[in-house]
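Comments concern the structure below.
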Amino acid sequence: MQIKGCVYKFGEDVDTDQIIPARYLNTSDPSELAAHCMEDADPTFAGRVQPDSVMVAGKNFGCGSSREHAPIAIKAAGVSCVIASTFARIFYRNAINIGLPILECPEAAVALQEGDEVKVDIANGLIKNLTHPGEYQAVPFPPFMQKIVSRGGLINYVSERMKDRA
Amino acid sequence: MGKTIAEKILSKKSGQNAYVNDIVVADVDFRMGQDGTSPLAIRAFEAMQGTNVHAPERAALVIDHSAPSPLEGVSALHTLMRKFAVENGMTLYDVGEGVCHQLIPEKGHVGPGSLVIGADSHTCTYGALNAFATGVGSTDLAAALISGKMWFKVPETIKFVCQGKLPAGVYSKDLILFLISQVTADGATYMAAEYTGEAIKELSVDARLTISNMAIEMGAKVGLMEADDKVLEWVRSHSKKEFEAVSADPDASYAAVKEYDVSNLDPYVAKPHRVDNGVPVGEVAGTPIQQAVLGTCTNGRLEDLSIAARLLEGRKVHPDVRLIVAPASRQVYLEAMDTGVLKTLVQAGAAVVTPGCGPCVGTHNGIPSDGENVISTANRNFKGRMANNKAFIYLASPATVAASAIKGEITDPREFLE
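If you read the protein sequences in the order shown, they are chains D and F. Going by our numbering, the letters in the first sequence line up with residues 41 to 206, in that order. Going by our numbering, the letters in the second sequence line up with residues 325 to 742, in that order.
The structure is reproduced here in structure tokens:
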């Protein structure tokens with residue numbers, strides 16, 4: 041799974057209330073959630089984010105609530121991958137379950153800057169900065185998590201396995 | 325090799341001899357979802373072609389985040405939940421019953437040694453009852469509703485040993501705000517926290533639930549305590565189920581052991597917009613406030629309301645302050661009525677709202693205005709948490725919130741101690 045896109049950069053400890061505030065949990069429509077994505081961190085983000093973007097942030101990304109609306113909003117906004125120094129636990133699990141690729145890479149999280157064009161190989165965790173040349177190695181997902189992500193999430197993964205059994 | 329509480333519970337529930345970093349598939353004793361997360365779980369359940377909820381008597385849905393519904397869209401989601409619960413023979417706690425994290429222990433669903441998942445991050449609350457209880461997302465909840473199982477990575481454990489005795493006017497909320505300020509918001513990420521020591525043993529079960537509730541605010545997966553006589557008695561009075569308490573082995577292996585003497589701890593306040601931004605109350609005393617919130621899954625229990633009532637008895641909430649009170653459950657509401665606690669609060673000027681999460685999570689019932697300062701007994705002060713990203717939230721104990729409501733500015737509650 042290869043991704044090529046433009047970096048949108050955020051700080052440390054980006055919490056789920058910044059990613060998608062609870063006042064928008066009255067919908068589970070991904071496109072409506074996307075319209076408010078990152079609203080309390082950067083109100084201009086949802087309006088300017090391009091398809092196939094790469095979100096980059098510091099430590100503890102996605103801390104706070106268990107709301108799965110958070111990775112859904114990010115994915116639906118057009119972000120193809122999130123790179124952070126570290127992720128909060130529930131967000132990490134939710135991102136895999138809904139098929140949003142994420143990579144933990146403290147070096148890339150520091151080096152990559154807003155607007156950089158990057159190439160990301162999810163399977164082997166390799167991150168390449170094409171604007172300011174540099175290469176960064178993240179620890180890739182264990183194989184069973186990669187299978188879930190590559191099928192677009194746990195729902196598709198389970199459905200396929202149910203079909204195989206039938 | 326000895327085991328931590330987390331290793332023991334996950335070993336027992338998976339049938340594997342599990343240690344740190346093992347991945348296990350375990351039988352889940354109880355599954356819970358609330359109205360913010362259940363609608364997505366129901367859609368995922370359907371998309372996964374789930375036909376029925378496995379062991380529906382061991383699962384519940386709770387309408388608490390927007391209760392009663394403030395919006396047409398939310399009403400439709402509540403209807404979806406009610407229909408799903410009926411079709412699958414599950415319990416649904418509807419509008420007015422209370423906050424999920426009060427209800428699940430209070431209704432006797434969980435106890436020592438239980439393995440619990442909830443589609444809400446503060447599910448870790450039940451760790452105070454010696455349950456391995458953790459927050460998950462909606463898709464995980466859906467899969468667990470179908471199968472009754474979930475995969476877990478066995479976490480490392482960080483142990484907090486709290487020695488000494490909390491001084492007068494200092495409570496379990498102050499202790500956990502202090503601990504989070506010490507280890508920071510991601511100091512226990514991916515780990516289990518174990519809270520122990522003389523200061524914890526002294527606390528009531530109500531007060532312990534406050535500490536475990538906030539384990540997630542240091543990034544922890546669970547916030548575990550041992551089940552002593554107080555816990556066993558509490559659980560016996562709320563549940564008919566059989567439970568098996570789990571203790572850590574003396575030679576269990578810990579990622580870190582943090583020891584604190586809390587005998588001289590001050591009341592703590594977490595400044596905006598981070599929960600780990602805790603300081604002794606003196607550093608922020610005098611900050612004007614416009615709203616005070618008493619309630620939530622952190623501090624909406626009878627003991628919390630009683631502590632606030634003792635300060636507010638015969639006094640009035642400052643004319644520039646709205647004091648919003650949300651009892652954690654109908655049971656708490658009734659007990660606060662019977663004991664006169666509620667009357668004291670209302671006479672002092674409190675506005676009591678339906679038991680639920682509204683003010684804390686910004687769905688309704690007290691959204692602050694631009695530039696306002698709020699002091700709250702909740703567990704999160706993130707920017708925009710209460711639905712206005714231009715407001716400022718300070719977190720504190722019920723006593724500090726009550727004292728601040730009286731004076732109209734952040735106040736050390738010890739000023740009001742006789």
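No residue lacks a Cβ here, since even glycine has one placed at the ideal position from N, Cα and C. Predicted, not measured: the structure shown is a model, and the values here were computed from it.
Where Met356(F) falls: helix, strand or coil (DSSP): strand
C-beta atoms of Thr687(F) and Arg63(D) nearer than 8 Å: yes
CB contact below 8 Å: Ala443(F) versus chain D: Cβ-Cβ to chain D under 8 Å: yes for Ala443(F).
Member of Asn164(D), Arg201(D), Gly45(D) and Ile142(D) whose CA lies at the smallest distance from the CA of Asp92(D): Gly45(D)
7 Å Cβ shell around Ala531(F) - same chain, five flanking residues per side excluded: Tyr495, Ser496 and Glu627
C-alpha distance - Tyr197(D) paired with Ala711(F), whole-angstrom precision: 35 Å
Continuous alpha helix (DSSP H) assignments of at least 4 residues falling wholly in the segment 530-598 of chain F: Runs of the alpha helix (DSSP H) inside the segment 530-598 of chain F: 553-562.
Chain D contacts from the segment 460-472 of chain F (Cβ-Cβ distance under 7 Å): Val460, Gly461, Ser462, Thr463, Asp464 and Ala467
Beta carbon proximity, Leu194(D) to chain F, threshold 8 Å: Interface residue, yes.
Option in Leu404(F), Asn345(F), Ile648(F) and Ile441(F) with minimal Cα separation from Lys473(F): Ile441(F)
Beta-carbon gap between Val748(F) and Val555(F) smaller than 8 Å: Shown here, chain F extends from 325 to 742; a query on residue 748(F) therefore has no answer.
Where Ser105(D) meets chain F, residues with beta-carbon distance less than 7 Å: Ser445
Which listed residue (Leu143(D), Ile114(D), Arg129(D) and Leu166(D)) has its alpha carbon closest to that of Asp69(D): Measuring from the Cα of Asp69(D), the nearest candidate turns out to be Ile114(D).
Neighbour flag for Tyr495(F) against chain D, beta carbons, 8 Å: no
Euclidean distance between Cα positions of Gln288(F) and Asp388(F): Since the first and last residues shown for chain F are 325 and 742, residue 288(F) lies out of range.
Cross-chain neighbours of Pro61(D) in chain F, by beta carbon under 7 Å: Gly686, Gly708 and Ala711
Status (buried if at least 16 other CB within 10 Å, exposed otherwise) for Gly708(F): buried
Burial state of Arg355(F) (16 or more Cβ within 10 Å): buried
Proximity below 8 Å, CB of Val460(F) to CB of Tyr450(F): Taking 8 Å as the Cβ cut-off, Val460(F) and Tyr450(F) do not qualify as a contacting pair.
Buried versus exposed call for Asn713(F) [16 or more other C-beta atoms within 10 Å across all chains shown]: Counting Cβ neighbours within 10 Å, Asn713(F) comes out buried, since at least 16 surround it.
Closest by C-alpha distance to Gly602(F), when choosing among Thr458(F), Phe408(F) and Tyr718(F): Tyr718(F)
For Tyr132(D), the first and last residue of its enclosing alpha helix (DSSP H): Unbroken alpha helix (DSSP H) run through Tyr132(D): Arg129 to Ile138.
Same chain, Cβ closer than 6 Å to Gly413(F), neighbours up to 5 away in sequence not counted: Pro380
Pro436(F) to Glu175(D) span [Cα, whole Å]: Each residue's CA atom was taken as its position, placing Pro436(F) and Glu175(D) some 49 Å apart.
Chain D contact for Gly543(F) (CB, 8 Å cutoff): yes
Interface partners of Thr361(F) on chain D, CB under 9 Å: Residues of chain D passing the Cβ test: Leu65, Ser105, Ser106, Arg107, Glu108 and His109.
Under 8 Å from the C-beta of Lys99(D): neighbouring residues of chain F: Those are Asp510, listed as they occur along chain F.
Residues of the segment 395-407 of chain F whose Cβ lies closer than 8 Å to any Cβ of chain D, in chain order: Leu395, Gly397, Val398 and Leu401
Helix, strand or coil at Asp80(D) [DSSP, three-state]: coil
Contacts around Gln487(F), its chain only, beta-carbon distance under 6 Å, and the 5 residues preceding and following it disregarded: Here the set comprises Gly521, Glu522 and Asp585.
Exposed unless 16 or more other CB atoms sit within 10 angstroms - verdict on Val386(F): buried
Straight-line gap, Ala720(F) to Ile699(F) (C-alpha atoms, nearest Å): 7 Å
Cβ-based burial, Gln153(D) [other Cβ within 10 Å; buried from 16]: exposed
Where Ser561(F) falls, given that 16 or more other Cβ within 10 Å makes a residue buried: Counting the other CB atoms within 10 Å of its CB gives Ser561(F) a total below 16, which places it among the exposed residues.
N-terminal and C-terminal residue of the beta strand (DSSP E) that Ile188(D) is part of: Membership of Ile188(D) in any beta strand (DSSP E) is not indicated; the residue belongs instead to the alpha helix (DSSP H) covering Pro183 to Ser190.
Extent of the continuous beta strand (DSSP E) to which Asn169(D) belongs: Leu166 to Asn169
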